[in-house]
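First the structure, in the form of structure tokens, and then the observations on it.
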Amino acid sequence: MEALTRQSVKLCPFVKHHANKAAIQHINGSSLANKASMCPVMGPALTEQKRSYTTPSKPARAQATAAHEVEDFEMVDHSATQEKSFDYNGLFENEIARKRSDNSYRFFNNINRLAKEFPKAHRATEEDKVTVWCSNDYLAMSKNQQVIDVMGKTLQKYGAGAGGTRNIAGHNKHAINLESELAALHKKEAALVFSSCYVANDAVLSLLGQKMKDLVIFSDELNHASMIVGIKHSNAKKEIWKHNDLKDLEAKLAKYPKSTPKLIAFESVYSMCGSVAPIDKICDLADKYGALTFLDEVHAVGLYGPHGAGVAEHFDFEAHRKSGIASPNFKTTMDRIDIITATLGKSFGTVGGYVAGSSNIIDWLRSYSPGFIFTTSLPPAVLAGAAEAIRYVRHYIKDRQLQQVNTTYVKDQLKAIGVPVMPNPSHVVPVVIGDAARAKQASDLLMDKHKIYVQAINFPTVARGEERLRITPTPGHHQDLADILVDAIEDVYKTLELPRIEDLANQGGLLGVGDPNHVVESNLWTEQQLKYTEKDLNENVFNPVIDQLEVSSGIKI
Numbered sequence: 001m002e003a004l005t006r007q008s009v010k011l012c013p014f015v016k017h018h019a020n021k022a023a024i025q026h027i028n029g030s031s032l033a034n035k036a037s038m039c040p041v042m043g044p045a046l047t048e049q050k051r052s053y054t055t056p057s058k059p060a061r062a063q064a065t066a067a068h069e070v071e072d073f074e075m076v077d078h079s080a081t082q083e084k085s086f087d088y089n090g091l092f093e094n095e096i097a098r099k100r101s102d103n104s105y106r107f108f109n110n111i112n113r114l115a116k117e118f119p120k121a122h123r124a125t126e127e128d129k130v131t132v133w134c135s136n137d138y139l140a141m142s143k144n145q146q147v148i149d150v151m152g153k154t155l156q157k158y159g160a161g162a163g164g165t166r167n168i169a170g171h172n173k174h175a176i177n178l179e180s181e182l183a184a185l186h187k188k189e190a191a192l193v194f195s196s197c198y199v200a201n202d203a204v205l206s207l208l209g210q211k212m213k214d215l216v217i218f219s220d221e222l223n224h225a226s227m228i229v230g231i232k233h234s235n236a237k238k239e240i241w242k243h244n245d246l247k248d249l250e251a252k253l254a255k256y257p258k259s260t261p262k263l264i265a266f267e268s269v270y271s272m273c274g275s276v277a278p279i280d281k282i283c284d285l286a287d288k289y290g291a292l293t294f295l296d297e298v299h300a301v302g303l304y305g306p307h308g309a310g311v312a313e314h315f316d317f318e319a320h321r322k323s324g325i326a327s328p329n330f331k332t333t334m335d336r337i338d339i340i341t342a343t344l345g346k347s348f349g350t351v352g353g354y355v356a357g358s359s360n361i362i363d364w365l366r367s368y369s370p371g372f373i374f375t376t377s378l379p380p381a382v383l384a385g386a387a388e389a390i391r392y393v394r395h396y397i398k399d400r401q402l403q404q405v406n407t408t409y410v411k412d413q414l415k416a417i418g419v420p421v422m423p424n425p426s427h428v429v430p431v432v433i434g435d436a437a438r439a440k441q442a443s444d445l446l447m448d449k450h451k452i453y454v455q456a457i458n459f460p461t462v463a464r465g466e467e468r469l470r471i472t473p474t475p476g477h478h479q480d481l482a483d484i485l486v487d488a489i490e491d492v493y494k495t496l497e498l499p500r501i502e503d504l505a506n507q508g509g510l511l512g513v514g515d516p517n518h519v520v521e522s523n524l525w526t527e528q529q530l531k532y533t534e535k536d537l538n539e540n541v542f543n544p545v546i547d548q549l550e551v552s553s554g555i556k557i
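Residue numbering for the sequence shown follows the UniProt record's numbering, starting at 1 and increasing by one per position.
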């Protein structure tokens with residue numbers, strides 16, 4: 001208290017003017033609050049009626065006090081007690097140990113993909129090469145020379161980084177161009193680029209729930225973690241519907257008045273099983289019950305539709321093929337989707353995510369979303385490279401077709417040797433193992449013995465007991481490489497005595513394999529669609545002039 005008094009003499013004009021030794025001694029021996037009432041500033045303030053507060057917790061000797069009552073706080077000497085600090089490191093060790101014990105601990109392989117030897121990669125040393133069969137670089141656009149050249153020139157001219165957030169230092173012509181290309185690809189009014197689609201999904205879904213009172217979000221049970229997190233952050237009421245089950249979705253929608261705001265959130269291609277959503281029928285239900293639609297096309301952009309816009313475009317393949325970058329003269333499935341999210345980091349070979357939708361939705365996200373506002377922009381070279389990839393993919397249909405042909409070949413060859421592959425109409429080849437430890441063993445054996453990299457997929461990416469190897473062929477995985485893969489998998493199944501199709505059938509089936517009640521779906525790409533060439537596309541898709549979006553910079557009034 002004496003030190004406080006001396007400091008008050010130095011700083012407070014009233015105390016300095018009136019202080020003397022006796023007064024200071026008097027203050028030291030009495031209530032500070034009482035003496036403060038003598039001050040012309042503090043005195044009137046202390047006489048006002050104050051609101052009382054209580055402490056949120058109850059430390060030693062603490063009690064509810066009025067704001068004008070100050071109680072001395074006694075410091076606790078922890079050295080005199082037997083109390084210990086929380087065991088932070090112990091928690092981390094126990095959590096990791098639990099991961100190891102249930103065989104869901106993740107091992108990251110050192111894989112360095114070689115652009116000039118795709119799909120080859122080297123491990124720790126450049127001499128130790130493997131063939132990669134599980135990349136999401138679905139069209140090998142990361143090695144496309146046009147993309148690399150554009151990125152190189154942009155890097156040299158504009159540098160490595162954006163310099164900050166779009167709001168402060170990161171807005172540039174490359175962002176505007178890319179968002180214009182994305183809007184044109186999905187035939188939407190506008191688009192907005194994020195640092196990743198995980199961030200985009202979280203940002204959009206969380207903001208919708210926070211800003212839209214009483215919103216109910218209807219989420220497919222197999223939705224990606226980014227969507228689950230976004231829904232959680234939204235604080236909105238959620239209804240989880242059975243995967244691709246329209247009856248279950250409708251039953252849940254029917255529980256609410258049509259006036260209640262609703263959002264149906266789902267994916268087009270589910271990456272771990274390869275199933276495809278019935279987008280048109282989900283849109284029918286959205287119309288019937290007054291819901292917005294949110295579609296994640298992450299694992300479909302580049303691969304489906306005549307121009308690579310995704311499954312929503314593929315649903316009206318012929319109409320979009322004929323109209324090119326223009327819109328058909330009717331409301332297409334893609335038009336019926338209110339919000340489309342996707343990635344630049346898979347089929348477009350770079351990095352980042354985006355949202356496409358109406359001008360109002362995109363301007364709203366640009367103006368309110370913390371996930372966009374407070375994140376450093378992608379580098380100019382990445383933005384320019386992604387835009388070039390979109391322009392290339394839009395008119396080069398052969399890559400999409402060849403990827404489908406190679407996928408079908410792998411599926412057929414694996415089926416021929418009795419290896420269980422989850423049936424689906426897409427490009428994903430999920431090889432069923434059904435056990436975390438054995439899935440890891442299979443992956444390791446492929447790598448160490450056969451120089452083939454296929455990552456094991458376990459919990460929480462998939463449910464326990466549904467572990468698998470996930471194979472994703474590209475246009476570069478030709479039939480000779482596929483034959484090597486199939487022989488290697490045959491060896492792995494023999495060595496580890498893994499269950500085959502017949503074994504799963506005897507057990508009643510697993511994940512659609514060996515299930516007599518499973519309904520087989522036709523591939524999304526039809527035989528006719530696989531025969532088209534660039535000559536069958538509308539001429540307007542070749543080097544089109546895309547109008548710049550005003551929304552990217554902010555709409556002027």
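Don't be surprised by glycine CBs; every beta carbon is placed ideally from N, CA and C.
Out of the options, state which residue places its alpha-carbon closest to the alpha-carbon of residue i.
i	options	result
isoleucine 457	Ala97, Gly476 and Asp435	Asp435
phenylalanine 337	Lys281, Val432 and Ala236	Residue 337 is actually isoleucine in this sequence, not phenylalanine. Taking only the C-alpha atoms, the option nearest isoleucine 337 is Lys281.
isoleucine 489	Ile228, Gly163 and Val454	Val454
isoleucine 397	Glu181, Ile433, Ile111 and Phe317	Phe317
glutamine 403	Ala97, Tyr304 and Asp248	Tyr304
proline 425	Met272, Ser347, Lys213 and Arg100	Met272
asparagine 223	Leu205, Ser101 and Asn235	Leu205
tyrosine 158	Ile148, Arg166, Thr165 and Lys173	Lys173
proline 516	Val405, Glu502 and Ser180	Glu502
Tell me which residues share the same chain as residue i and place their Cβ nearer than 6 Å to its Cβ, disregarding the 5 neighbours each side in the sequence.
i	result
valine 551	Ala190, Ser359, Ile362 and Asp363
lysine 451	Val130
alanine 115	Lys143
proline 544	Ile325
leucine 139	Gly302, Ser347 and Asp399
glutamine 63	Residue placement at glutamine 63 is flagged as unreliable, the pLDDT there being 48, under the threshold of 50; the coordinate-derived value follows with that caveat. Cβ within range, chain order: n/a, list empty.
leucine 445	Val492
Are there 16 or more other CB atoms within 10 angstroms of the CB of residue i, so buried, or fewer, so exposed?
i	result
glycine 209	buried
isoleucine 168	exposed
methionine 75	exposed
glutamine 548	exposed
isoleucine 557	exposed
threonine 533	exposed
arginine 106	exposed
serine 367	exposed
isoleucine 390	buried
aspartate 287	exposed
glycine 302	buried
leucine 91	exposed
residue 560	Here the chain covers residues 1 to 557 and nothing more, so residue 560 does not appear.
tyrosine 289	buried
alanine 236	buried
proline 306	buried
arginine 98	exposed
threonine 154	buried
isoleucine 96	exposed
alanine 175	buried
phenylalanine 315	buried
Which residues does DSSP pair with residue i in a beta bridge?
i	result
leucine 292	Leu263
tryptophan 241	Asp220
alanine 121	Arg113 and Val130
arginine 470	Pro430
leucine 510	Val513
valine 276	Val269
Apart from the five residues on each side of it in sequence, which residues of its chain come closer than 7 Å, Cβ to Cβ, to residue i?
i	result
alanine 277	Asn244, Phe266, Glu267 and Ser268
glycine 371	Phe194, Val199, Asp202 and Ala203
glutamine 479	Tyr409
valine 132	Ile111, Arg113, Pro119, Ala121 and Tyr453
glutamine 528	none
glutamine 146	Glu388 and Tyr392
leucine 510	Val432, Gly434 and Leu504
phenylalanine 542	His395
Cutting at 8 Å between CB atoms, please list the residues of its own chain near residue i, excluding the five before and the five after it.
i	result
serine 135	Arg113, Pro119, Thr472 and Thr474
tyrosine 256	Val216, Lys262 and Tyr289
proline 423	Gly512, Val513, His518, Val520 and Glu521
Can you give, in chain order, each stretch of the beta strand (DSSP E) that sits fully within the region 325 to 383 and has at least 3 residues?
Whole beta strand (DSSP E) segments, 3+ residues: 339 to 343 and 353 to 357.
Mind pulling the alpha helix (DSSP H) runs of 4 or more residues that sit fully within the region 154 to 203?
You should have 173 to 186.
Please give the ranges of any beta strand (DSSP E) in the region 389 to 464, keeping only runs that are unbroken, at least 3 residues long and fully inside the region.
429 to 432
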